[in-house]
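*Asks:*
Residue numbers (our numbering): -17 to 655.
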């Protein structure tokens, strides 16, 4: 304590003094006293001596200081809480949290580390009073913050341990730290990070210090949760939940932003619209879960097709889009990308242990050439895609202005088609198949035709894809089966020579439950020989859902009906693969026959297919035969039958019956050697 003589220096003469004094003890801890000094006067009125009365008020003073300190901390917490509710910059909030932590405990050093425990990435970091020492890479077990973050266990140490460093490249001593307190930051019991304060002295942290830092950490945790929720909402608004690609809303805004930029506008923007062909068939036959997996894999393949100048999005359903920005427009680049997309999506998808085949129809529109508005460009790319689909699918088309007229015409055609069956506007034409052994008619193919009362005969290429897309092919297809059975029955009754008649089955018909039973019921209803009926299926149809197709075809085959694969060579199957199906014949696509006399590769492929098909016990029909030279090669190769304009175009039923009755044949003897 202070010496007894010290008080006289500041006590007024002849007056009683009252006051509070702070005294330094030998332990270094201050004490507060309430002191009263009373002067004792002598007979002459002078001060003879002083009486000093001290009352220890240290506890009371500490309580008062605690109240003031608590009030100050509450104000800091309130200010931080307000910022936590409104601050949109999470980095700024992190810096404020570190500063508020240091201010609240009247310390000069603080640090904050928020991490992603899955990716081990640093989400948020900040420091106060650490001379900007790097804390951003401190997610390692060698760092105190890093150890706490990676293990979820907060380290509390009264004495620094040289085995750990607080910050990268610095030891605890090098940072001047003698003591510290770290508090866990957690959201809904999920560990997020650490908030810490540090002292350069042997500081004794109190419960109040822990409570203050914990409150700050809780507010920060709530703010982080709000940030996460907002980030998630933005992600959900901008991305497709299945493929995790950007969605239509994001793509439209992205495209709008690119086009509306006042500066740095690219010379051109290409919008590539992609639709998966036959996706509905996969969905209907294999189920929605398999369809979803197909979409996910398709999205990944599309991402692999693009570079940093492009964005791919799922627009919805089986539709995707790619936006490409050009500083210098390059049509060759877009063609290469479109080819890459078609090729990538045409490869088999392994779904549930089986290969599933689809293809892609792609439409392309370019800004500013095909429109200066986001909606117009997307619509025109969509229109171009429909033209690609109409042109046989598995290809791409660039938009041109005449396509809109064609689209309007397509919509008008669809409207007229919806009543065509009820109005009895459909008819059948028949094209003969000719045996290359004796030149005689060995079969017929029934071909659907539409005779509109005002427009006349409408091209099959124009209306059949619409029947497929709308599902009208199902009732129309059943009408074809009934009509063919009726023809077979009529010829039997009128003694016309019986030859098998082939009917084309569509992919939509193959998906109808109970197709085999329906066919059996119709055949039995007409009482015809099922051996006179044949169904043709395209190669690509069989590849959509091979397992389901095998079962359906086996049922049809069990009724005594023949089966053949049409357009062989245009898909991804092989003869070995087709061996799984109960087929009787295959038809070589006209694309190979067209140039068989001038293209060595087409000739070699045709010859090889015929040889291998015969090895598998399959008959071979060549379609699209138009010249004697083509026929001569096919005879040489051992082809079984031909079909084409060289013998006859498709004709009405009466002409076909007349050809059969007159025994019209192909004069094979006149074929040049």
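For every residue, glycine included, the Cβ atom is placed at its ideal position computed from N, Cα and C.
(1) Determine the DSSP secondary structure at residue 508, reduced to helix, strand or coil.
(2) Taking the beta carbon of residue 367 as the centre, do at least 16 other beta carbons fall within 10 Å, making it buried, or is it exposed?
(3) What distance in whole Å lies between the Cβ atoms of residue 178 and residue 163, which are believed to be in contact at a cut-off of 8 Å?
(4) Are residue 302 and residue 284 close, meaning C-beta to C-beta below 8 Å?
(5) Just verifying my parser: in three-state terms, what is the DSSP assignment at residue 32?
(6) Nearest-angstrom Cα distance between residue 409 and residue 459?
(7) In chain order, what residues of the same chain lie with their CB nearer than 8 Å to the CB of residue 566, ignoring the 5 residues before and after it?
(8) First and last residue of the beta strand (DSSP E) that includes residue 563?
(9) Kindly give me the distance between the Cβ atoms of residue 413 and residue 625, rounded to whole angstroms, as I take these residues to be in contact under 8 Å.
(10) Can you look up residue 186 in the DSSP assignment and give me helix, strand or coil?
(11) Report back the beta-carbon spacing between residue 83 and residue 92 to the nearest angstrom; my notes put them in contact at under 8 Å.
(12) Starting from residue 479, trace the alpha helix (DSSP H) in both directions and tell me its first and last residue.
(13) Less than 8 Å between the beta carbons of residue 628 and residue 616, yes or no?
(14) Report the rounded CA-to-CA distance for residue 442 versus residue 448, giving the unit in angstroms.
(15) Pick helix, strand or coil for residue 288, following the three-state DSSP scheme.
(16) Taking residue 184 as the reference, give the member of 253, 272, 89, 223 with the closest Cα.
(17) Could you tell me the distance, in whole angstroms, from the CA atom of residue 209 to the CA atom of residue 374?
(18) Residue range of the alpha helix (DSSP H) that residue 431 falls in?
(19) Can you tell me whether residue 437 is buried or exposed, with buried defined as 16 or more other CB within 10 angstroms of its CB?
(20) Taking CB distances under 8 Å as the criterion, tell me whether residue 233 reaches chain B.
(21) Give me the Cβ distance between residue 549 and residue 569, rounded to the nearest whole Å; I'm assuming they're in contact under 8 Å.
(22) DSSP on residue 437, reduced to helix/strand/coil?
(23) Who are the Cβ neighbours of residue 541 in its own chain at under 6 Å, not counting the five residues just before and after it?
(24) So, helix, strand or coil for residue 175, using DSSP?
(25) With residue 43 as the anchor, note down where its alpha helix (DSSP H) starts and where it stops.
(26) Our contact map puts residue 259 next to residue 342 with C-beta atoms below 8 Å; I'd like the distance itself, whole angstroms only.
(27) I'd like the list of long-range same chain contacts for residue 140, defined as Cβ closer than 6 Å, with 5 residues on each side in sequence excluded.
(28) Does DSSP put residue 744 in a helix, in a strand, or in coil?
(29) Identify which residue in 279, 295, 297 has its Cα closest to the Cα of residue 329.
(30) Measuring only the C-alpha atoms, how far is residue 427 from residue 534?
(31) Should residue 734 and residue 446 be called a contact, given that it needs their Cβ atoms to be closer than 8 Å?
(32) Helix, strand or coil for residue 4? Go by DSSP, reduced to three states.
(33) Excluding the 5 residues flanking residue 649 on each side, which residues of the same chain have their C-beta closer than 7 Å to its C-beta?
(34) Going by CA-CA distance only, name the one from 419, 378, 237 that's closest to residue 344.
(35) Going along the chain, which residues of its own chain have a beta-carbon closer than 7 Å to the beta-carbon of residue 244, five neighbours each way excluded?
(36) Can you look up residue 459 in the DSSP assignment and give me helix, strand or coil?
*Replies:* Based on what the coordinates show:
(1) helix
(2) buried
(3) 6 Å
(4) yes
(5) strand
(6) 12 Å
(7) 516, 544, 545, 546, 600, 601
(8) Where residue 563 is concerned, there is no enclosing beta strand (DSSP E), given that its DSSP letter is neither H nor E.
(9) 6 Å
(10) coil
(11) 4 Å
(12) No alpha helix (DSSP H) contains residue 479, which DSSP labels as neither H nor E.
(13) no
(14) 10 Å
(15) coil
(16) 89
(17) 49 Å
(18) That residue, residue 431, is in no alpha helix (DSSP H); its beta strand (DSSP E) goes 423 to 434.
(19) exposed
(20) This model lacks chain B altogether, as it is built from one protein chain only.
(21) 7 Å
(22) coil
(23) 502, 512
(24) strand
(25) 40 to 68
(26) 6 Å
(27) Bear in mind that the predicted position of residue 140 carries a pLDDT of just 47, short of 50, making it too unreliable to give a figure here.
(28) Outside the modelled stretch of the chain, which goes from -17 to 655, sits residue 744, for which no answer is possible.
(29) 279
(30) 21 Å
(31) In this structure the chain extends from -17 to 655, so residue 734 is not present and cannot be described.
(32) strand
(33) 421
(34) 378
(35) Since pLDDT at residue 244 reaches only 47, below the 50 mark, its modelled position is unreliable, and the value read off the structure follows with that caveat. For residue 244, where only same-chain residues beyond five positions count, there are no Cβ hits under 7 Å.
(36) helix
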